[in-house]
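Heads up: the protein sequence lines correspond to chains A and B, in order. Residue numbers are given in numbering that gives the first Met the number 0: position 210 of the first sequence equals residue 209, and the series is strictly consecutive. Residue numbers are given in numbering that gives the first Met the number 0: position 80 of the second sequence equals residue 79, and the series is strictly consecutive.
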Amino acid sequence: MKFETPATSNPIDQLKHIGKPTDRIDGPQKTTGTAPYAYERHDRAPNAAYGHVVGATIAKGRITAIDAAAARAAPGVLAVVTAQNAGKLGKGDKNTARLLAGPEVEHYHQAVALVVAETFEQARAAAGLLKVEYAPSRGAFDLAEAKAGAQPVKDPPDSRVGDFDKAFKAAEVKLDATYTTPDQSHAMMEPHATTAAWEDGALTVWTSNQMIDWGRGDLAETLGIPKVKVRLVSPFIGGGFGGKLFLRADVLLAALGAKAAGRPVKVALQRPLIANNTTHRPATIQRIRIGAGKDGRITAIGHETWSGDLAGGGPETAAEQSKLLYAGANRLTATKLAVLDLPEGNAMRAPGEAPGLMALEIAIDEMAEKLGLDPVEFRIRNDTQVDPAKPEKAFSQRQLVECLRQGADRFGWSKRGKPAARREGRWLVGMGVAAAFRNNLTMKSGARIRLQTDGLVVVETDMTDIGTGSYTVIALTAAETMGVPLKQVVVRLGDSSFPVSAGSGGQWGGNSSTAGVYAACMKLREVVAGKLGLDPASAEFADGRVRVGNDSRPLAEAAKDGELMVEDFIEFGELAKKYQQSTFGGHFVEVAVDADTAEVRIRRMLAVCAAGRILNPKAARSQVIGAMTMGAGAALMEELVVDRRRGFFVNHDLAGYEVPVHADIPHQEVIFLEETDPMSSPMKAKGVGELGICGVGAAVANAIYNATGVRVRDYPVTLDKLLEGMPAIA
Amino acid sequence: MRSFTYERARTPAEAAAAASKPGARFIAGGTNLLDLMKLEIETPTHLVDVNKLDLDKIEKTADGGLRIGALVRNSDLAADKRVRKDYGVLSRALLAGASGQLRNKATTAGNLLQRTRCPYFYDTAQPCNKRNPGSGCSAIGGFSRPLAVIGVSDQCIATHPSDMAVAMRVLDAVVETVRPGGETRAIPIADFHRLPAETPAVETVLAPGELITAVTLPKPIGGQHIYRKVRDRASYAFALVSVAAVVQPDGTGRAAFGGVAHKPWRVEAAESAMPGGARAVAEQVFAGARPTEENAFKVTLATRTLGAALSEARG
């Protein structure tokens, strides 16, 4: 099915299932421990041996020698895989650094070996006996230092509208400020993990991956074998956040280890390796300039961003939202990339917008103050319903103003006072607001639907559920379209033997994959109607029956001679080019800051989101409160600390890399505005899982400013950055 | 695997004798040792399990204090009625540490003996004089924000991570031990932990095999008992700075600091300034501070946290 004209009325609009808060259908499996995760596939790969990954202990240089004799001779050891014996390896399309170092080492903890043994403990002990010698070379590890040599990138190109320099110079009120965001780790609960098995030259990996087809392709490419010889299975994923979008070392090394050992091998990246071995969200330096008239209308807005990555890598695209979020005739965005020899930077939840809005939405708060305007009002005054660079291109839906108004109303925003004006006992209390913005992306997505002889509707697609609730929204879509109860739908996900889907990333998964399932269901309806001799155009599918006029038959009757099976996909046409499709929100936060110690405690959080049709309000709320939690972490504590001498992230475990605990997170409220977006897909839905994090950090930082009068422009906003500005003690 | 032998000791003297052999370590709750073994930071060849020793009682002492058995779990100690009534600062410090699960396993003696959480100590690829004597200190000139500001040496700037020990320091606890030969001794907590100096790997004054059997608290001293722990998140994190304070109605009192040194930090001579406020006390307590650029804030923070504790005591 090609989606190229705006959606009109369709079976999804019945809303018998879609739009109802629904428990996740995979919940019982997860809560009873029967959902199979990658490291636990004893059912499919019994007798798996254990692999332990050895990471490089230098940031850059060459391996000059590996002495594996002692490791090979250690009890239980079956194989030691290194670049010397792994055979010729390619590199996946989506990898910047190689997944197995040798002789070059490109970053700290890049894998240099896998030790395979009968038990985990044997593999770990033998790994400690491996002697690796290095010739280190100098590297660049400091973004602030490398910034001067940073270069423009092809994607995204710099953009200019009007004459920014002239307009900024002439503006009556100006802001020119620099903000920084640190490197961040996805810190998902489940480490990257894989069980691999070879059979007759064909490889199966049970792994934890968000994008099945990308992973399959890059694994085949890296191993130099045909893609058809690789099966990648990932039905359950214990968190990804972008860290599992790509093929990583666990998959490759498990495959190589299984080959070397001649039996299945499983590998979970050890927690202390994850921060440096895998990808991370790169740090940014962002300069924002805003000029406005005294009437509070923006006349010039410029956003430049710097980040670093290994040679051949890409930038953190932190200036992109500034093209679209606010009006203004004169505009500038620029993205510059420095070469750094830190581990590979890549996508983490809302790449670009998450750190970009952490900066932009403080700048907007600062600008509102300079103008003497309420920050909600300042944002509303500079709303735009069209792409400011292409006024002929309207937003398909844009309810930012409604999000802000309704949020302000619900949150009690009018009670917000001047900075450092509200004290309750030992606490300085303040409120902050920020806009949320994230583009809606769509991706081609396929599905296979079977109508079994027993009437069960079985959906198969390589779509993944990374905790987001994909199983459930897909089941809701099939139940809605085929007119059956939810319990009559079976959903199978995350297997490369199923049709290729959109996968989970960029908040495109929910809308795109359900649209693909909808397309396949519509095709199945035609087949069913044909089997029953009914007119497909007028057939109604409801209550497990197919009806045309007075002729009503059980759906299962269509499969009485054998199971029916169809496959289709959704493909997206030009609507995304004709209309700017984005999602919007308003975040409101109240914090209390201890007047003595400057400890920050969030008291209340509210998000109002406008993100198209909400397919499952229960799961969508869960996505947004999770994202708000992650945003709170980004605001207050998350930072991979760079050792600028030795070139690595020092706090590389969950003791050192702090993420919020329950005690950090107060009551969170989420409101979804009524919205359907006929330009986005037949589902009329959009993404929401990343919108939720966008802007949260700035809302927290702005609330801290309102509470204390201290403006911090360098994240995370830890107490040491506030102390000097706190009231004097007795 | 790295194999080790294991025995379960029947008496404290037997345990001490068994643990005096090279490569031997005691194991009680295991909440720190097992992590360190998994990371191969500790690689004992012999474990002496002391869990079955009869050291899990809290008893009154003849002089009206409390004797806390070495194996009393942190949860039980924090919940003990006598501790809550007379030594509130200890109960509060315990509950500010770790998590419920860890406190259920962790013991009194083990808490005193836990090792630093300096991130370089935990990365076996990095030089660390504490983990690998003579290899150097990566933290000096590196990521030092969470590390010590006073009592440091050019060899090590690690902190002692315990909350409990800070409260015990302010309460003038005494550590009772038995040595491999069977002789016992009582070590004032002030003397128990060492500063890093030239030998940061040696963290206490315990001799090889010497087993902690109990920690005794002197008779109650009254006053307001306060433990303020300041950290980057609300729970389950080590202190940036903590203050254990006991403040009397007349404004006199005591204060010890955590998160600032290789041991709980207390300067008794400074406490006479307490009625004059936090600043006067802290100026003396931190007179010899040698912070790094990254952790200089800790001196300010410690002063302000003591101020907060004194305000709380005044009600």
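We treat Cβ as the ideally placed atom computed from N, Cα and C, and that holds for glycine.
CB contact check: residue i to chain B, cutoff 9 Å
i                : result
Val428 (chain A) : no
Arg230 (chain A) : no
Asp408 (chain A) : no
Val709 (chain A) : no
His185 (chain A) : no
Asn276 (chain A) : no
Glu723 (chain A) : yes
Ala72 (chain A)  : no
Arg644 (chain A) : yes
His586 (chain A) : no
Residue burial classification, residue i (beta-carbon count within 10 angstroms, cutoff 16)
i                : result
Glu220 (chain A) : buried
His666 (chain A) : exposed
His279 (chain A) : buried
Asp22 (chain A)  : exposed
Lys683 (chain A) : buried
Thr4 (chain A)   : exposed
Val201 (chain B) : exposed
Pro74 (chain A)  : exposed
Glu598 (chain A) : buried
Glu171 (chain A) : exposed
Gln113 (chain B) : buried
Tyr470 (chain A) : buried
Gln622 (chain A) : buried
Met442 (chain A) : buried
Residue i: contacting residues in chain B (beta-carbon distance under 8 Å)
i                : result
Asn9 (chain A)   : Ordered by position in chain B, no residue passes the 8 Å Cβ test against Asn9 (chain A), which lies about 47 Å from the chain.
Met636 (chain A) : Asp231, Arg232
Thr717 (chain A) : Asp231
Closer than 7 Å at the beta carbon, the chain A residues around residue i
i                : result
Glu39 (chain B)  : Gly127
Ser310 (chain B) : Ala729
Phe296 (chain B) : Asp719, Leu722
Proximity test, Cβ basis, 9 Å: residue i and chain A
i                : result
Leu33 (chain B)  : no
Tyr5 (chain B)   : no
Gly109 (chain B) : no
Thr304 (chain B) : yes
Tyr235 (chain B) : yes
Asp122 (chain B) : yes
Thr299 (chain B) : yes
Arg184 (chain B) : no
Ser90 (chain B)  : no
Ser137 (chain B) : yes
Within chain B, partners of residue i - CB distance below 7 Å
i                : result
Gly655 (chain A) : Pro118
Val640 (chain A) : Phe142
Thr476 (chain A) : Simply none; closest approach about 39 Å.
Thr56 (chain A)  : Ala124
CB of residue i within 9 Å of CB of residue j, strictly
i                : j                : result
Val385 (chain A) : Gln580 (chain A) : no
Thr203 (chain A) : Val227 (chain A) : no
Gly312 (chain A) : Leu142 (chain A) : no
Ala446 (chain A) : Phe571 (chain A) : no
Asn103 (chain B) : Asn128 (chain B) : no
Leu113 (chain A) : Val250 (chain A) : no
Val246 (chain B) : Leu309 (chain B) : yes
Lys522 (chain A) : Glu566 (chain A) : yes
Val131 (chain A) : Ala55 (chain A)  : yes
Val325 (chain B) : Thr158 (chain B) : The structure shown does not extend to residue 325 (chain B), since chain B is modelled only from 0 to 314, so the question has no answer here.
Expected contact under 8 Å - CB spacing of residue i and residue j to nearest Å
i                : j                : result
Gly411 (chain A) : His586 (chain A) : Their Cβ separation, rounded to whole angstroms, is 15 Å, which puts Gly411 (chain A) and His586 (chain A) out of contact at 8 Å.
Asp162 (chain B) : Lys228 (chain B) : 6 Å
Pro387 (chain A) : Ala291 (chain A) : In fact, because the Cβ distance is near 14 Å, the residues do not count as touching under 8 Å.
Ala34 (chain A)  : Asp25 (chain A)  : 6 Å
Glu209 (chain B) : Arg178 (chain B) : 5 Å
Contact list for residue i against chain A, beta-carbon separation under 9 Å
i                : result
Val276 (chain B) : Note that residue 276 (chain B) is Gly in the sequence shown, not Val. Correct list: Ile728, Ala729.
Ala307 (chain B) : Arg425, Asp593, Ala594, Asp595, Thr596, Ile728
Interface partners of residue i on chain B, CB under 9 Å
i                : result
Ala662 (chain A) : Arg232, Ala233, Ser234, Tyr235
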